[in-house]
Each structure stands twice: as structure tokens, then as C-alpha cells.
Amino acid sequence: MIDLNFPKYNFRFKNSQNKIAVFDELRKKFIILTPEEWVRQHCTQFLIQEKEFPKSLINVEKQLKLGKLTKRYDIVVYNSDGSIHLIVECKAPHIKITQNVFDQIAQYNMTLDADFLMVTNGLSHYYCKMNYEAGEYEFLPEIPAYKLA
1 MIDLNFPKYN
11 FRFKNSQNKI
21 AVFDELRKKF
31 IILTPEEWVR
41 QHCTQFLIQE
51 KEFPKSLINV
61 EKQLKLGKLT
71 KRYDIVVYNS
81 DGSIHLIVEC
91 KAPHIKITQN
101 VFDQIAQYNM
111 TLDADFLMVT
121 NGLSHYYCKM
131 NYEAGEYEFL
141 PEIPAYKLA
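The structure is reproduced here in C-alpha cells:
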């Protein structure tokens, strides 16, 4: 896998059905290593190690109902009161971050009402803070670190 624009992290790997799998410490199992999974693993470690979010508040790859559609979000970080602090949309490194990617996370956020959004392909990262009263969002230079509410 290619180097990403994240700090270096240590991962556990194994061979599974002639494919490389990486251990996901949040899901507590080995996951087949795809380019998108490589980004997701780095992003979760970034949130845990650099931004100090407790593992217990991070959820990965869960289903989400959007009207009649069932989708899957990449990463959600909860506040201690159960509301959603952050939604992360991960793409493989070769996928360009386009308006369609922002539309996808905005669609998820219509259901989830997160405080912050993050979009990454492992090489480029974009962070937004939601302002629901004004009906807009503000781009940030980085995502704020965890702090107890």
C-alpha cells in the first residue's frame, strides 16, 4: 500500500484467503485490506492517537437509513451524550475528492446531524464545522482534538 498523508502507525496484518488483511482494533477483527480500508485504518488511528478521541466513542462501517436507501458510513465519532460529533467519509487514494463526495457526506449528515465533517482520500483531508442555524458550514484547517464536554 502507498504512503498516506498521516503519521506512521503500526498495524497487524495476516494472509486471509490469499489476500492481505489488517486488524481493525475498533471492530476487533481482521478486514481485507483494500485501498479504502488502508485510508480508514489510518484515519481511525489519527483520531485515536493524534486527536485523542476515546475508542469507545468511535464507530466504523455501520448501516444508515436514508429514506428507503440503506447506506454505510465509514467513521462516526460520538459525543459523550450520544449525539454525533464527527462523520468521516474515506475514499481510496486514487479517488479524487469532488463535489460528489461532499454531496455524499452531506446526505449522510441530513440524518446524523454531526458537529463536524471530514472527507479524506488519505492524501488530501478536508474538515468542516457545521452551522445549523445559518444553514452552512465552514472549512477548517484541522479537526479539533477531543475534549470532555
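With UniProt numbering, you'll find the sequence shown wraps up at 149, consecutive numbering, no jumps.
Virtual Cβ for every residue (Gly too), placed ideally from N, Cα, C.
Buried or exposed by the 16-neighbour rule on C-beta atoms within 10 Å, applied to residue i
i    : result
Y132 : exposed
D74  : buried
A134 : exposed
T44  : buried
I2   : exposed
E37  : buried
N109 : buried
K91  : buried
I87  : buried
I32  : exposed
From the options, residue whose alpha carbon lies closest to that of residue i
i    : options         : result
R40  : L64, L140, I58  : I58
K8   : I105, E50, S56  : E50
A145 : K14, F53, K28   : F53
D81  : N10, K29, A114  : A114
R27  : Y127, P141, V60 : V60
Beta-carbon contacts of residue i that lie in its chain and below 6 Å, excluding the five residues immediately before and after
i   : result
F46 : F6
K71 : L64
Neighbourhood of residue i by C-beta, 8 Å cutoff - its chain only, sequence neighbours within 5 removed
i    : result
Q104 : E89
N79  : L57, H85, D115, A149
Legend entry - Cβ contact check for the region 119-126 and the region 91-105: 3 or more pairs under 8 Å: Between the region 119-126 and the region 91-105 there are three or more C-beta pairs closer than 8 Å, enough to call the two in contact.
Legend entry - Minimum length 4: unbroken alpha helix (DSSP H) runs contained in the region 102-136: Qualifying alpha helix (DSSP H) stretches: none in this window.
Inset, instruction - Let me know the beta strand (DSSP E) ranges lying completely inside the region 26-62, each 3 residues or longer, listed in chain order. - result: Inside the region 26-62, DSSP marks whole beta strand (DSSP E) runs of 3 or more residues at positions 29-32, from first to last along the chain.
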